[in-house]
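Everything below concerns the one structure shown next.
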Amino acid sequence: MYFRVLAIILFSCISAAHARDWTIGVLALRGDAQAQTHWQPLADNLNQQLPEQHFQLLPLDLHAMKNAVTQNRIDFLLTNPAQYVQIDSHFPLRWLVSLRSSHEPDGTSRNVIGSVILVRADSDIRSPLGLTGKRVGAVSPEAFGGYLLGYKALRDAGLQPEHDFKLHFSGFPVDALIYLLRDRAISAAIVPTCLLEDMQAEGLVHARDFRPLLAKQATIPCLTSTELYPNWSFAALSHVPDQLADNVTRTLLNPADSKAPQVGAPSSTSQVETLLRSVNQHPQQPYFWQQIFDWAQQHRLLIAAIALILLLLGANHIWVAFLVRRRSRQLEQLHQQLRIKEGALEQAQRLSILGEMASGFAHELNQPLSAIQHYADGCAIRLQREQADHPLLPIPWADQSAGSTRGRYHC
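The sequence shown maps to residues -19 to -1, 1 to 392 in mature numbering (1 follows the signal peptide of the UniProt record, and there is no 0).
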């Protein structure tokens, strides 16, 4: 019996010595220490049921998770479905299982990820519009429950988070946002659903000190401001052997330890992908029309102002064109009248010049004719005195004719 036990121990040591190490990258939502403690039962379960392999945890944040996948420093990953979609678009992943809710006795709920927008219980902010100009905390621009879901909820409420209030990203651990809100360093916080309940269960905060700014009905006993989305995913990278991936899947679905997380069949990512597209965070290039639509939604007031200005400019252009056209017609009519008057004036000037010329000619002719008449009369008088019947003396009818001629040229 002693030798049998010794042989078993020796075999276990030899197997452990030849066991290959496999690293599981875990999204350390609440910090490295908490992630290590929370997910260690999962690694222990795998190590217990697959003794020929050795699994170890590596807590990572969002950016470190991407880098670890890129550098092949991890073999499996456990993260939210949004990051799974983002990583899977660049690196082929095999989604083995999805986690179930840890806040229900039976752990059957698939959709448990959401955002809750919290304010202090004594805050005077009663609606999302009250956040305008305030300081709002979130985890990261890429955080799923810690920002993107809350971002969409606020945008649907009529706000533009990038412009209407000041965003403060605290990073991991997300517990810091609750403390910042408690200490009045921020006016509101976008945190993952169930974070507040977990921290109260751990004795870190009192849930009564906070209230949700937006509230939705949920199937889990946690406050939420958004719809709920599928839980975290456990996936294997492409270099993991198929047999090992199958063994890990069976082990996770049939845990030997009751403390191990409850898992189930993989959930669909369609709901998550739709959400990522709506907030322009999908790894694939969004459709151009959708980008335009989203931009128009965010800048609708600016677009309305520009449209109004263009409308006024167009109306002003039409009015000015009408005035110019009417003025042009008036100027054309005045120009025609001016040409007519200029023609009449030129005609009058020509007639005036002709009259002056005729008057001048009459004056010039009248003078020599009068002189001739005087000389002729003088000669006739002299001849008449000397010889009354002189043949050069005019006959009476000739005198009359000469008189009428002088009268015609007299002026």
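Don't be surprised by glycine CBs; every beta carbon is placed ideally from N, CA and C.
Buried or exposed by the 16-neighbour rule on C-beta atoms within 10 Å, applied to residue i
i        : result
CYS203   : buried
ALA302   : exposed
ASP223   : exposed
HIS263   : buried
MET338   : exposed
LEU79    : The question names Leu, but residue 79 in the sequence shown is Ser. By the neighbour-count rule (16 or more Cβ atoms within 10 Å), SER79 is buried.
ILE55    : buried
ILE159   : buried
GLN243   : buried
VAL305   : exposed
PHE(-17) : For PHE(-17), the predicted model reports a pLDDT of 44, less than 50, meaning its position is unreliable; a value from the coordinates is still stated below. Burial call: exposed.
LEU300   : Sequence check: residue 300 is Trp here, not Leu. So TRP300 ends up on the exposed side.
LEU177   : buried
THR232   : buried
ALA217   : buried
Chain-order list of residues whose beta-carbon lies under 6 Å from that of residue i (same chain, five-residue window excluded)
i        : result
LYS147   : ARG116
PRO372   : none
PHE72    : VAL50
ILE68    : VAL50
SER219   : PRO73
LEU(-14) : Note that LEU(-14) scores 49 on pLDDT, short of 50, meaning its location in the model is unreliable; the coordinates nonetheless yield the value given after this. Answer for LEU(-14): no residue qualifies.
Among the options, nearest to residue i - alpha-carbon criterion
i           : options                        : result
SER248      : LEU289, LEU291, LEU209         : LEU209
LEU112      : GLN21, GLY139, VAL155          : GLY139
ASP145      : ILE167, SER70, LEU110, ASP164  : LEU110
residue 438 : TRP300, ALA216, SER340, ASP137 : Outside the displayed range of the chain (-19 to 392) lies residue 438, so it cannot be described from this structure.
ALA166      : LEU58, ILE362, SER104          : SER104
GLY245      : SER239, ASN228, PHE215, GLN348 : PHE215
ALA16       : ASN28, ARG1, ASP42, GLN30      : ASP42
VAL66       : ASP179, SER206, TRP213         : TRP213
LEU135      : SER206, ARG231, SER239         : SER206
MET180      : ALA352, ALA285, LEU10          : LEU10
ARG1        : VAL221, LYS197, LEU129         : VAL221
TRP76       : GLU367, THR250, LYS322, ARG310 : THR250
LEU129      : GLU183, PRO62, ARG192          : PRO62
Own chain, CB closer than 7 Å to residue i, minus 5 neighbours either side, in chain order
i      : result
TYR132 : PRO142, VAL260
MET46  : GLY6, LEU8, LEU58, THR60, GLN64
PHE150 : ALA119, VAL120, SER121, PRO122
Own chain partners of residue i with C-beta closer than 8 Å, once the 5 adjacent residues on each side are dropped
i           : result
GLY12       : PRO40, PHE153, PRO154, ASP156
GLN317      : none
ALA(-4)     : With a pLDDT of 45 at ALA(-4), under the threshold of 50, the predicted position of this residue should be treated as unreliable, though the coordinate-derived value follows. Same-chain partners within the cutoff: PRO32, HIS35.
ASP238      : PRO22, ASP25, ASN26, GLN29
residue 397 : This structure does not reach residue 397, given that the chain is present from -19 up to 392, and the question cannot be answered.
Next item on the list: Evaluate contact between the segment 90 to 99 and the segment 166 to 174, counting only Cβ atoms and requiring at least three cross-stretch pairs below 8 Å.
Entry: yes
Check: For the segment 18 to 68, which segments carrying the alpha helix (DSSP H) assignment without a break, of at least 4 residues, lie completely within its bounds, in sequence order?
Finding: For the alpha helix (DSSP H) assignment, the uninterrupted runs of no fewer than 4 residues enclosed by the segment 18 to 68 are, from N- to C-terminal side, 43 to 51.
Next item on the list: Specify whether the segment 253 to 262 and the segment 34 to 41 touch according to this definition: at least 3 beta carbon pairs, one from each stretch, less than 8 Å apart.
Entry: Under the three-pair Cβ rule at 8 Å, the segment 253 to 262 does not count as touching the segment 34 to 41.
Margin query: I want to know whether the segment 187 to 194 touches the segment 11 to 29 - three or more CB-CB distances under 8 Å.
Written below: Contact fails: fewer than three Cβ-Cβ distances are below 8 Å.
Check: Along the chain, which unbroken stretches of the alpha helix (DSSP H) at least 4 residues long are found entirely within the segment 108 to 153?
Finding: As far as the segment 108 to 153 is concerned, its whole alpha helix (DSSP H) runs of at least 4 residues are 130 to 137, 142 to 145.
Notebook entry, point to check: Hey, which unbroken runs of the beta strand (DSSP E) at 3 residues or more fall wholly within the segment 193 to 260?
Noted result: 214 to 218
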